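J.: Chains as they are written, first to last, in my numbering: chain A, 51 to 415; chain B, 6 to 192.
Note that the Cβ used here is the ideal one computed from N, Cα and C, for glycine as well.
Predicted model only: the values in this text are computed from it and were never measured.
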Amino acid sequence: MTSNPPKLSFESRTEWLRGEGRAADVVMSSRVRLARNLAGCPFPHRGTRVHRQASLQLCRRAIIGAQLSPTILWADLHQATPLERLLLVERHLISKHHSKTRPCQGPPGPGPDDPRGVAISLPDERISIMVNEEDHLRIQVIRTGLALGQCWEEIDVVDNRLEAQLPYAYSQRFGYLTACPTNVGTGLRMSVMLHLPGLRLTGDIDRVKRAATDMNLAVRGFYGEGSDAAGDFYQISNQTTLGKTERQVLDELESQIIPKVIEYERVARRTIVTKRLGAIEDQIYRALGILSNARLVSTEEAMQLLSHLRLGAVLGLLKNIDQAVVNHLMLLVQPAHLQKVLGREMDQDQRRSARADLLRSKLAR
Amino acid sequence: MKCDRCDNEATVQEISIRNGARIEIHLCEQCARQAGLAAQTATPLAELLTKYVLATGIGATIPARSMPATECPKCKLSWDEFRRVDRLGCPDCYAAFEGQLGPLLERAHEGGLRHAGKVPARAGRRHAGRSEQDPVADLAQRVAALRKQLEQAVATEQYEKAAGLRDQIRRLEDMSAGPAAGTLPDQ
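Shown next, in the form of structure tokens:
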């Protein structure tokens with residue numbers, strides 16, 4: 051167990067960035083999360099500083115005692131710098147909500163303003179557990195490719211080990227009790243990050259989004275709730291948590307719905323390659339041209355151009371570029387990563403220049 | 006007929022007997038209100054009866070928890086505040102607002118009303134030996150359904166049926182001596 055500050059590797063050892071696994075041509079990663087709360091304790095948003103400190107301590111001890119991974123990194127987020135917190139958001143290890151300080155109820159007292167933390171399994175970063183987010187515990191397991199079943203099996207074990215030490219808030223009728231009633235019951239969210247450039251190019255993406263919404267699924271962007279679909283990445287996840295078992299949700303998503311979306315995307319890609327090969331090659335090589343030569347690049351532009359590169363790599367049109375490298379670059383071009391890699395704080399203009407330099411150096415022949 | 010006190014049309018008739026003599030007073034609505042003889046606003050018959058039946062018939066035997074709660078007894082979160090912030094205050098809020106949460110959960114979860122998933126090992130041990138269904142929760146659901154029927158019966162002026170339903174609810178309420186549905190373990 052290490053303590054602050056968080057020390058994360060910048061090598062490609064992060065499991066979900068590997069670009070491997072089932073349907074990895076379309077599915078970037080699979081993620082399962084469980085929301086859990088402590089019985090007899092107000093939910094974090096309504097707790098005083100004392101409550102939050104107590105729940106933080108209790109959960110921290112349980113997580114350490116549960117031996118979830120050979121190495122677990124614990125970070126007290128109230129003591130981390132804004133840059134370190136943003137770094138964790140970019141790596142999908144904490145939510146934006148968790149990166150921000152929220153005022154505690156009651157009179158100001160000793161100790162940090164908003165006691166909250168995160169535990170991360172290293173070096174794979176597959177398990178992360180946020181403490182005092184919207185719920186006392188938000189457990190997540192994230193893996194490369196379509197692997198919701200494996201994620202569920204792993205998170206189930208993590209959950210059982212924590213439950214052996216913590217009194218969970220649970221009722222027979224409502225299941226696991228959560229701060230927001232939209233999560234009550236299983237407290238389960240299964241989501242899949244899909245790369246859908248083909249469906250965007252054929253203009254079918256809106257139909258897929260509408261169909262998913264009709265099936266009561268949520269469609270979100272690269273960074274979850276409230277984020278847009280940077281670089282043609284879409285997260286599709288279940289919304290129903292009451293009245294269905296975990297297995298039902300898993301079967302619906304992994305065996306029925308997601309395979310269909312994957313098939314649509316593959317058909318769209320085949321159509322493009324068959325009918326518009328010249329146009330798609332042009333788009334991919336232009337993207338490579340800009341990324342290897344530009345002097346100023348914004349995050350959004352980098353994500354969109356890297357999306358073209360990723361498509362070129364999985365279609366076999368770009369022989370020398372590996373999908374895992376492109377995935378990793380998508381992380382490195384994010385503001386906090388860029389500053390961390392280069393070891394200095396930068397404003398937006400400086401970042402655009404530094405981002406362009408980094409991309410040129412990584413993609414140089 | 007004109008009002009005894011002004012020139013307006015009399016709409017309220019008050020008859021009283023004093024010392025064996027019958028006294029009739031005819032007043033317009035305004036004067037009757039001043040004299041304290043007319044209700045400020047008319048109460049529809051059905052509403053009056055609902056209030057009567059619920060207050061005198063069942064209200065007395067219904068434990069406080071089955072009336073719509075306005076506040077969680079544990080964390081003091083009000084229902085209005087919950088609607089504003091969309092977050093409940095503590096695990097006990099689910100039991101406190103059980104009645105109000107039902108329709109909301111149904112909409113959010115494709116009609117799902119009861120947990121069907123994983124059961125924590127501790128709760129599993131606690132529930133071992135019980136039937137699959139929670140008898141207390143079932144009872145609460147039956148009472149809620151009967152209560153709806155009762156309101157409908159009163160609204161359609163089927164008072165005999167309403168009285169029968171009221172007695173049925175009373176019997177079920179007497180039966181539910183166990184813990185409230187949604188009671189949390191380890192608390």
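Taking the C-alpha atoms as reference points, what is the distance between A/Ser105 and A/Gln155?
T.: Locating residue 105 of chain A in the first sequence gives position 55, where the first residue counts as 1. Locating residue 155 of chain A in the first sequence gives position 105, where the first residue counts as 1. C-alpha separation (whole angstroms): 15 angstroms.
J.: If we ignore side chains and look at the alpha-carbon of each, how far apart do A/Ser411 and A/Ser342 end up?
T.: In the first sequence, counting from the first residue as 1, residue 411 of chain A sits at position 361. In the first sequence, counting from the first residue as 1, residue 342 of chain A sits at position 292. Each residue's alpha carbon lies about 8 angstroms from the other.
J.: How big is the Cα-Cα spacing for B/Thr66 and B/Val159?
T.: Position 61 of the second sequence, counted from the start, is the residue given in the question as residue 66 of chain B. Position 154 of the second sequence, counted from the start, is the residue given in the question as residue 159 of chain B. For B/Thr66, the predicted structure reports a pLDDT of 38, less than 50, and the residue's modelled location is therefore unreliable. The matter cannot be settled from this model.
J.: So which residues of chain B does A/Lys294 contact, with C-beta pairs closer than 9 angstroms?
T.: Counting from one through the first sequence, the residue named residue 294 of chain A turns up at place 244. His114, Glu115, Gly117, Ala121 and Gly122, listed in chain order.
J.: Relative to the C-alpha of A/Ala169, which residue among A/Val317, A/Ile308, A/Arg188 and A/Cys201 is closest?
T.: Looking up residue 169 of chain A in the first sequence gives position 119. Looking at the Cα atoms, A/Arg188 is the closest of the given residues.
J.: Residues of chain B with CB closer than 7 angstroms to the CB of A/Thr151, please, in chain order.
T.: As a first step, residue 151 of chain A is located in the first sequence; it is residue number 101 there, counting from the start. What A/Thr151 touches in chain B: nothing, since even the nearest Cβ is about 17 angstroms away.
J.: Grab the span of the beta strand (DSSP E) containing A/Val181 for me, first residue to last.
T.: Within the first sequence, residue 181 of chain A is the residue found at index 131, counting from 1. A/Val181 -> beta strand (DSSP E) spans Ile177 to Val181.
J.: Who are the neighbours of A/Glu213 on chain B, taking C-beta pairs under 9 angstroms?
T.: In the first sequence, residue 213 of chain A corresponds to position 163, counting from 1. When 9 angstroms is used as the limit between beta carbons, A/Glu213 is near these residues of chain B: Pro125, Ala126 and Arg127, in chain order.
J.: Tell me whether the beta-carbon of A/Ile334 lies closer than 9 angstroms to the beta-carbon of A/Leu359.
T.: Stepping through the first sequence from its first residue, residue 334 of chain A is reached at position 284. Stepping through the first sequence from its first residue, residue 359 of chain A is reached at position 309. Contact flag set, yes.
J.: Quick one: Cα of A/Gly71 to Cα of A/Arg270, how far?
T.: The sequence position of residue 71 of chain A within the first sequence is 21, counting from 1. The sequence position of residue 270 of chain A within the first sequence is 220, counting from 1. Computed Cα separation, rounded: 22 angstroms.
J.: Step through the CB atoms of chain A and report whether any lies within less than 9 angstroms of the CB of B/Cys11.
T.: Here residue 11 of chain B refers to the residue found at position 6 when the second sequence is read from its first residue. Output row for B/Cys11: interface = no.
J.: Would you decide whether A/Gln373 is buried or exposed? Buried here means 16 or more other CB atoms lie within 10 Å of its CB.
T.: Residue numbering aside, residue 373 of chain A sits at position 323 when the first sequence is read from its first letter. Using a 10 angstroms sphere on the CB of A/Gln373, the tally of other CB atoms reaches 16 or more, which defines it as buried.
J.: Pull out every residue of the segment 217-242 of chain A whose Cβ sits closer than 9 angstroms to any Cβ of chain B, in chain order.
T.: Pro217, Tyr218, Ala219, Tyr220, Ser221, Gln222, Arg223, Phe224, Gly225, Tyr226, Leu227, Thr228, Ala229, Cys230, Pro231, Thr232, Val234, Gly235, Thr236, Gly237 and Leu238
J.: Alpha carbon to alpha carbon, what distance is there between A/Leu212 and A/Val191?
T.: On the first sequence, residue 191 of chain A is found 141 positions in, with the first residue counted as 1. On the first sequence, residue 212 of chain A is found 162 positions in, with the first residue counted as 1. Approximately 14 angstroms between the Cα atoms of the pair.
J.: Along the segment 92-123 of chain A, what residues have a CB closer than 9 angstroms to any CB found in chain B?
T.: Of all residues in the segment 92-123 of chain A, Pro92, Phe93, His95, Arg96 and Gly97 have a Cβ within less than 9 angstroms of some Cβ in chain B.
J.: Count the other C-beta atoms from every protein chain shown that fall within 10 angstroms of the C-beta of A/Met78, then say buried if there are 16 or more, exposed otherwise.
T.: Translated into positions along the first sequence, residue 78 of chain A becomes position 28. By the Cβ neighbour-count rule, A/Met78 is buried, with 16 or more other Cβ atoms within 10 Å of its own.
J.: Answer yes or no: the CB of B/Ile174 versus the heavy atoms of the ligand FMN, is any distance below 8 angstroms?
T.: Absence of the ligand FMN is noted for the structure shown, with no ligands found whatsoever.
J.: Between the C-alpha atoms of A/Gly362 and A/Ala386, what's the straight-line distance to the nearest angstrom?
T.: Your numbering for residue 362 of chain A matches position 312 in the first sequence. Your numbering for residue 386 of chain A matches position 336 in the first sequence. Using only the alpha carbons, I get a separation of about 27 angstroms.
J.: Is it the case that the Cβ atoms of A/Ala219 and A/Ala112 are separated by a distance below 9 angstroms?
T.: Your numbering for residue 219 of chain A matches position 169 in the first sequence. Your numbering for residue 112 of chain A matches position 62 in the first sequence. Cβ atoms of A/Ala219 and A/Ala112: not closer than 9 angstroms.
J.: Look up A/Ile144 in the DSSP assignment and say whether it is helix, strand or coil.
T.: Taking the first residue of the first sequence as 1, we reach residue 144 of chain A at position 94. Looking at A/Ile144 - three-state DSSP - the assignment turns out to be coil, as it is neither helix nor strand.
J.: Beta strand (DSSP E) containing A/Thr121: first to last residue?
T.: The residue given as residue 121 of chain A occupies position 71 in the first sequence. It spans Thr121 to Asp126 - the beta strand (DSSP E) in which A/Thr121 sits, taken as one unbroken run.
J.: For chain B, is any of its Cβ atoms less than 9 angstroms away from the one on A/Gln298?
T.: Taking the first residue of the first sequence as 1, we reach residue 298 of chain A at position 248. Closer than 9 angstroms to some Cβ of chain B, the Cβ of A/Gln298 qualifies, so yes.
J.: Nearest chain A C-beta to B/Gly169 closer than 9 angstroms, yes or no?
T.: Locating residue 169 of chain B in the second sequence gives position 164, where the first residue counts as 1. By this cut-off, B/Gly169 is not an interface position.
J.: How about A/Leu303 and A/Val242: are their beta carbons less than 9 angstroms apart?
T.: Within the first sequence, numbered from 1, the residue matching residue 303 of chain A stands at position 253. Within the first sequence, numbered from 1, the residue matching residue 242 of chain A stands at position 192. Taking 9 angstroms as the Cβ cut-off, A/Leu303 and A/Val242 qualify as a contacting pair.
J.: What is the DSSP secondary structure of A/His358, reduced to helix, strand or coil?
T.: What you label residue 358 of chain A is simply residue 308 of the first sequence in a count that begins at 1. Residue state, collapsed to three classes: helix.
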